[in-house]
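Residue numbers (my numbering), protein chains in the order written: chain A, 36 to 284; chain B, 1317 to 1667; chain C, 115 to 602.
Quick reminder that beta carbons are idealized off the backbone N, C-alpha and C, glycines included.
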Amino acid sequence: MLSIKNLSVAVDTKQILKGLSLDVPAGEVHAIMGPNGAGKSTLGYALAGRPNYNVTSGTVEFNGENLLDKDVHERAAAGLYLSFQYPLEIPGVPALTFLRTALNAQHKLRGEPEVAAPEFLKRVREVAKTLKIDMDMLKRPLNVGFSGGEKKRMEVLQMALLEPKFLILDETDSGLDIDALKVVSDGVNALRAPDRGMLVITHYQRLLDHIKPDRVHVLVAGKIVRSGGPELALELEAHGYDQYLGEAA
Amino acid sequence: MTLPALDIFDPSSYPTRRDEEWKYSDLSRVLREAPKKAMVVRTLSELEAEPDGFVYFSADESGFDGLQKAADFAMQKAHGRLYIDGNDFGDEDGYLGYQGHGELRLAAGQELVVFEDYTGAFDYAVHSRLRFTLGEGAKLTRVVILDEPETAVSVRQSTIEAAPASVFKQYVFSTGAKFQRFETHVNHAGHGAVVEMNGAYLLKDKRHFEYTTRVTHGQINGETAQLIKGLVKDSATGVFQGRILVEKGADGTDARMRHQALILNDGAHIRAKPELEIYADDVQCAHGNTIGAIDEEALFFCESRGIPEETARAMLTHAFVLPVADQIEDEVLRETVLNFLENASESFHAL
Amino acid sequence: MAAVKETIDTIAELETYEHGFVTDIEMEFAPKGLSADIVRFISAKKNEPEWMLELRLAAYERWLTMEEPDWAKVNYKKVDYQDLYFYAAPKKKDGPKSLDEIDPELLKTYAKLGIPLREQEVLAGVVGAPKYAVDAVFDSVSVITTFKEELKKHGVIFCAISEAIREHPELVRQYLGTVVPVSDNYFAALNAAVFSDGSFVYVPPGVRCPMELSTYFRINAENTGQFERTLIIADKGSHVSYLEGCTAPQRDENQLHAAVVELIALDDAEIKYSTVQNWYPGDAEGKGGIYNFVTKRADCRGARSKVSWTQVETGSAVTWKYPSCILRGDDSVGEFYSIAVTNGAQQADTGTKMIHLGKNTKSRIISKGVSAGKSSNTYRGLVSAHAKASGARNFTQCDSLLIGKTCAAHTVPYIESDTARAQFEHEATTTRLSEDQLFYAMQRGLSQEEAVALLVNGFVRDVLQKLPMEFAVEAQKLVAISLEGSVG
Chain A
36 MLSIKNLSVA VDTKQILKGL SLDVPAGEVH AIMGPNGAGK STLGYALAGR PNYNVTSGTV
96 EFNGENLLDK DVHERAAAGL YLSFQYPLEI PGVPALTFLR TALNAQHKLR GEPEVAAPEF
156 LKRVREVAKT LKIDMDMLKR PLNVGFSGGE KKRMEVLQMA LLEPKFLILD ETDSGLDIDA
216 LKVVSDGVNA LRAPDRGMLV ITHYQRLLDH IKPDRVHVLV AGKIVRSGGP ELALELEAHG
276 YDQYLGEAA
Chain B
1317 MTLPALDIFD PSSYPTRRDE EWKYSDLSRV LREAPKKAMV VRTLSELEAE PDGFVYFSAD
1377 ESGFDGLQKA ADFAMQKAHG RLYIDGNDFG DEDGYLGYQG HGELRLAAGQ ELVVFEDYTG
1437 AFDYAVHSRL RFTLGEGAKL TRVVILDEPE TAVSVRQSTI EAAPASVFKQ YVFSTGAKFQ
1497 RFETHVNHAG HGAVVEMNGA YLLKDKRHFE YTTRVTHGQI NGETAQLIKG LVKDSATGVF
1557 QGRILVEKGA DGTDARMRHQ ALILNDGAHI RAKPELEIYA DDVQCAHGNT IGAIDEEALF
1617 FCESRGIPEE TARAMLTHAF VLPVADQIED EVLRETVLNF LENASESFHA L
Chain C
115 MAAVKETIDT IAELETYEHG FVTDIEMEFA PKGLSADIVR FISAKKNEPE WMLELRLAAY
175 ERWLTMEEPD WAKVNYKKVD YQDLYFYAAP KKKDGPKSLD EIDPELLKTY AKLGIPLREQ
235 EVLAGVVGAP KYAVDAVFDS VSVITTFKEE LKKHGVIFCA ISEAIREHPE LVRQYLGTVV
295 PVSDNYFAAL NAAVFSDGSF VYVPPGVRCP MELSTYFRIN AENTGQFERT LIIADKGSHV
355 SYLEGCTAPQ RDENQLHAAV VELIALDDAE IKYSTVQNWY PGDAEGKGGI YNFVTKRADC
415 RGARSKVSWT QVETGSAVTW KYPSCILRGD DSVGEFYSIA VTNGAQQADT GTKMIHLGKN
475 TKSRIISKGV SAGKSSNTYR GLVSAHAKAS GARNFTQCDS LLIGKTCAAH TVPYIESDTA
535 RAQFEHEATT TRLSEDQLFY AMQRGLSQEE AVALLVNGFV RDVLQKLPME FAVEAQKLVA
595 ISLEGSVG
């Protein structure tokens, strides 16, 4: 589903990713773990096409198409969803407006019919309920004045409504207390499906107790230095990243 | 950076209110004719550091010859502290005029604290211009006390050229005069320069004070922060004119300007014109301006605890302007300013 | 929600300036240039009483002694007043009595602009859609005013000002020029001398005007100045909401629009005045476009009166405009809500004056400026409190958004207080359109243009909400359209 080959990325002029390769087949959840500054967030941003994140070499195929050729919003319409570590505040734009605009923009680009307002609202109500988001909150400008936990729940709400094919979760557990973590991971788990892939970026093993990965990759200094099953996460939790720091250099 | 020509001895050069820059301060109305030239007898005292660490420089005839020499002495031999004593005496029959220009350069990395103490007596009219040039990484702190008589007419202008990574901090405290204008032009000529320009004023009777600041961001990543606080009563006038200009390409500029004023009785005047002029896009700029009254509730609270009204007013006044003085890093000067403000707060409320 | 959607669709569908067409119609012009004779010609054309002609001639004499103001942050080629037509009107026999007598070309023009001139068109619309009456001004004259009869039943007078001068001279004489005296400024004096039409509204005591009133101004003829004059009087305890819209053809020459609007609110009266200004802005390089030099002022003469200005300024090559409130009556309220969008080579210098004279007067200013392209956008405002205006309060929020590296945004506030019991609060910010927000919105599937439109509409939302519902949607579209091509 997502196939990354030898990807190198520079932010402005600084080389962050240095020949990273990774395959995530449909239906699987892969975790990327690594110390601070390893390039975890950079991977998410580069895949989403953030400006100033320059791919200097390598290829990324998404469902057989060249992902890197596409503009940011085209990647989104193709089904790539990045859940931000720090979701942005959008003053003056109610969350509902934002959501519906995004949904219809994606539909339009894919040549699908628009979602009618009543159907849209019905769907939002359902999802909001499971995520314990109050409808009043959705009438307020997106993320403005929201707590860290509320922002993360809004990210999950958006992914549930936009129904992307592939999710990248960037440090989704940061800033969440244990109750919020449960709500958020339940929301993500509900999206696990045979035709959907996920990449879970996290520093700590904690999130992986809730969102069980099929594979775990260790990212150090811009490269994947080890891959394994879920047990690798537990090993990292016990021994830390120190053993890999030498290897990468 | 050049200032428009003003010659205190030539009335035709006096700006009028038609001049937008002088909209709130009409020099030609205050000074109807040219003052008499003061006879200047100038003695440059021997340079030596005073016990409190200051090198003393007398600018009593508003001549600034030897300013650089005194500053160099302060930076090399003393603690980098310079005391400019500006003490102007006038006549009791008609204005005596003083006019002086001075220049001061700080080389790369040099640090200097300048304390400018302007006082005087009787009828005088003074116009001074100082030009400060800051080398790379240099730091200049300027603490100014304007404690002039109610008959004085004073226009004090200065320009500052700030090289890369230099720091300029200015604190101006005023009780006003018949006509008093303090004008500072700063040019962020180098990237990453940091500028602070603060001030506080307490004006009573018919006193007038105008604080005009002009900051130009010509280079990237410059910072400007301004806090000006003031009180007016009787028929006094407090004016703040601030402009921050961000030139094309001066990206990364962070500029903030805040003016807060209290009017204690009807008929006292506050005029504020805080401008932003922006030609670059990657900027964070803001200004705020508030005008209000003294907090009657706080006053009542103080009185209910047994503090007499006049004392309570002085206390609250002092507390209002205190945040400006609190930012002064030099302890000796901070104390000096706090004392000045305490006395000023008391006499501000005295009948 | 629907509005944003519509915005986005509209961007895709529309040309940058959709009202740029020219109507081919037989016109009657006064000779070019300005002189006392031209002033007499206009007055005679309007069958005006002697006092009106005298007022005009006095204004003309005054204008001759005045100088064109140059303090605004705008640069433009000065107008050659001798090369202008000061009067241009579609040819007709008498004033039109009904729609059937109006030139079909004119009807087509208004249909194309989406302005309903047939009362039944509005009535036949969606059930429950609010009615609004229209005064349509084409170049120098009013071509029709709709719903006059229905309004008359409520005692509301809504007609062309030229008609009001003839039919209601006592009202016009009492109020005309009392808010904006002829000597007020250069363009106001010019307007008083040569104004040819505009709207007149009088709402009698205690009446709540039963529908929105609106005027659509259309400049069509070449080399013609439009000088409209609007006078609205809200008598004690009355209420009226008025909207003006403006468009002009796309031409390479600059055209002058110098209007004067006077509002008078007596005790407990309320006037809401909204403007959607979409004059032709000129091309991206600054060729052509309207000079929009306008004096708008409200006198809150009565106690507890209220005037609210809302403006959406997206058009014109050069705008010089400061809708103001004189808060004379005790407890009166003035509001100014503004969106000014400049793109291409447009220049706008706009803002307001809130002059607090009465006790416990309140004012509120929300200004949102968006500059893109090579444009320049200035907020200029005055808030003042007289020594006797105790308890005066003002709140000002003034935000500028910059899109791109070649535009400029300025904030020039004047704040003056002479009273101890005033509370003035002014906050201003200037920021650029956030790249992080853009990326976030695009990651959710919005194209760059859509993301810009969404963020800008969010930025101006507080003001959009102040517009009457029907026009808010229109205004939102305009904001998005006028920023087309500003990024990337």
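Return the residue from the list B:PHE1484, B:THR1332 and B:LYS1339 that minimises the CA-CA distance to ARG1348 (chain B). B:THR1332
Does any CB atom of chain C fall closer than 7 Å to the CB of LYS1520 (chain B)? no
Would you list the residues sitting across from VAL1429 (chain B) in a DSSP beta bridge? Paired residues: B:ARG1397 and B:THR1457.
Rounded C-alpha distance that separates PRO256 (chain C) from GLN391 (chain C): Looking at the sequence shown, residue 256 (chain C) is not Pro but Ser. Across the structure, SER256 (chain C) and GLN391 (chain C) are spaced so that their CA atoms are roughly 18 Å apart.
List, in chain order, every chain C residue whose beta-carbon is nearer than 7 Å to that of TYR1595 (chain B). ALA522
Under 7 Å between beta-carbons, which chain C residues line up against HIS1585 (chain B)? List them in chain order, please. ASP532
With a cut-off of 8 Å, do at least 3 Cβ pairs link the stretch 519-535 of chain C to the stretch 95-104 of chain A? no
For a test of the three-state rule: what should DSSP assign to MET1513 (chain B), helix, strand or coil? strand
Can you find a CB in chain A that lies within less than 7 Å of the CB of GLY572 (chain C)? Closer than 7 Å to some Cβ of chain A, the Cβ of GLY572 (chain C) qualifies, so yes.
Spell out a yes or no on whether the stretch 164-176 of chain A and the stretch 210-229 of chain A are touching, meaning 3 or more CB-CB pairs, one atom from each, closer than 8 Å. yes
Could you tell me the distance, in whole angstroms, from the CA atom of GLU100 (chain A) to the CA atom of LEU131 (chain A)? 31 Å
When the cut-off is 7 Å and only beta carbons count, does TYR201 (chain C) lie next to chain B? no
Status (buried if at least 16 other CB within 10 Å, exposed otherwise) for VAL136 (chain C): exposed
Quick one: using the 10 Å Cβ neighbour count with 16 as the cut-off for buried, is VAL240 (chain C) buried or exposed? In this predicted model, VAL240 (chain C) has a pLDDT of only 39, less than 50, meaning its place in the structure is not dependable; the value taken from the coordinates is given anyway. When all chains shown are included, VAL240 (chain C) counts as exposed.
Identify whether ALA302 (chain C) lies in helix, strand or coil by the three-state DSSP scheme. helix
Cβ-Cβ distance between VAL128 (chain A) and GLY396 (chain C) below 7 Å: no
Range covered by the beta strand (DSSP E) that runs through SER1470 (chain B): 1469-1478
Is DSSP giving GLN460 (chain C) helix, strand or coil here? coil
Going by the CB atoms, is the gap between TYR436 (chain C) and ILE480 (chain C) shorter than 7 Å? no
When the distance is taken between beta carbons, is ALA81 (chain A) closer than 7 Å to VAL44 (chain A)? Judged by their CB atoms, VAL44 (chain A) and ALA81 (chain A) are nearer to each other than the 7 Å cut-off.
Kindly list the residues whose CB is nearer than 8 Å to the CB of PHE1325 (chain B), restricted to its own chain and excluding five residues on each side of it in sequence; keep chain order. ALA1350, PRO1351, LYS1353, GLY1413 and GLN1415
Taking C-beta to C-beta, are GLU303 (chain C) and ALA173 (chain C) nearer than 7 Å? The question names Glu, yet the displayed sequence has Ala at residue 303 (chain C). Against a cut-off of 7 Å, the Cβ pair of ALA173 (chain C) and ALA303 (chain C) comes out as a contact.
Starting from the N-terminal side, write out each stretch of the beta strand (DSSP E) that is 3 residues or longer and does not extend beyond the stretch 407-461 of chain C. Entirely contained in the stretch 407-461 of chain C, the beta strand (DSSP E) runs reaching 3 residues are, in chain order, 420-427, 432-435, 438-441 and 447-456.
Counted within 10 angstroms of its Cβ, other Cβ atoms place ASP366 (chain C) as buried (16 or more) or exposed: exposed
Can LYS205 (chain C) be considered in contact with the ligand ZN, in the sense that its beta carbon sits closer than 6 Å to one or more heavy atoms? As far as ligands go, the structure on display features none, and thus does not contain the ligand ZN.
In or out: LYS222 (chain C) buried (at least 16 other Cβ within 10 Å) or exposed? exposed
Report buried or exposed for LYS157 (chain A), applying the criterion of at least 16 other Cβ atoms within 10 angstroms of its Cβ. exposed
Determine the chain C residues that contact LYS1589 (chain B) at a beta-carbon separation under 8 Å, and present them in chain order. VAL526, PRO527, TYR528 and ILE529
Suppose you measure from the CA of SER109 (chain C) to the CA of GLU1591 (chain B); what does that come to, to the nearest Å? Nothing can be reported for residue 109 (chain C), as the shown portion of chain C is limited to 115 through 602.
Alpha carbon to alpha carbon, what distance is there between GLY74 (chain A) and ASP47 (chain A)? 14 Å
What did DSSP end up calling PHE1664 (chain B) once you bin it into helix, strand or coil? helix
C-alpha distance - ILE339 (chain C) paired with ALA462 (chain C), whole-angstrom precision: Checking the displayed sequence, the identity of residue 339 (chain C) turns out to be Gly instead of Ile. Taking the straight line from one Cα to the other gives about 19 Å.
Under 7 Å between C-beta atoms, does PHE407 (chain C) make it to chain A? no
If we define contact as Cβ-Cβ less than 7 Å, is HIS540 (chain C) a contact residue for chain B? yes
Closest by CA to ALA273 (chain A), which one among A:MET189, A:PRO122, A:GLN240 and A:ALA151? If we check each option's Cα against that of ALA273 (chain A), A:GLN240 comes out closest.
Give the residues of chain C in contact with VAL1599 (chain B), contact being defined as C-beta atoms less than 8 Å apart. Going along chain C in sequence order, the residues near VAL1599 (chain B) (Cβ under 8 Å) are LEU516, THR544, THR545 and ARG546.
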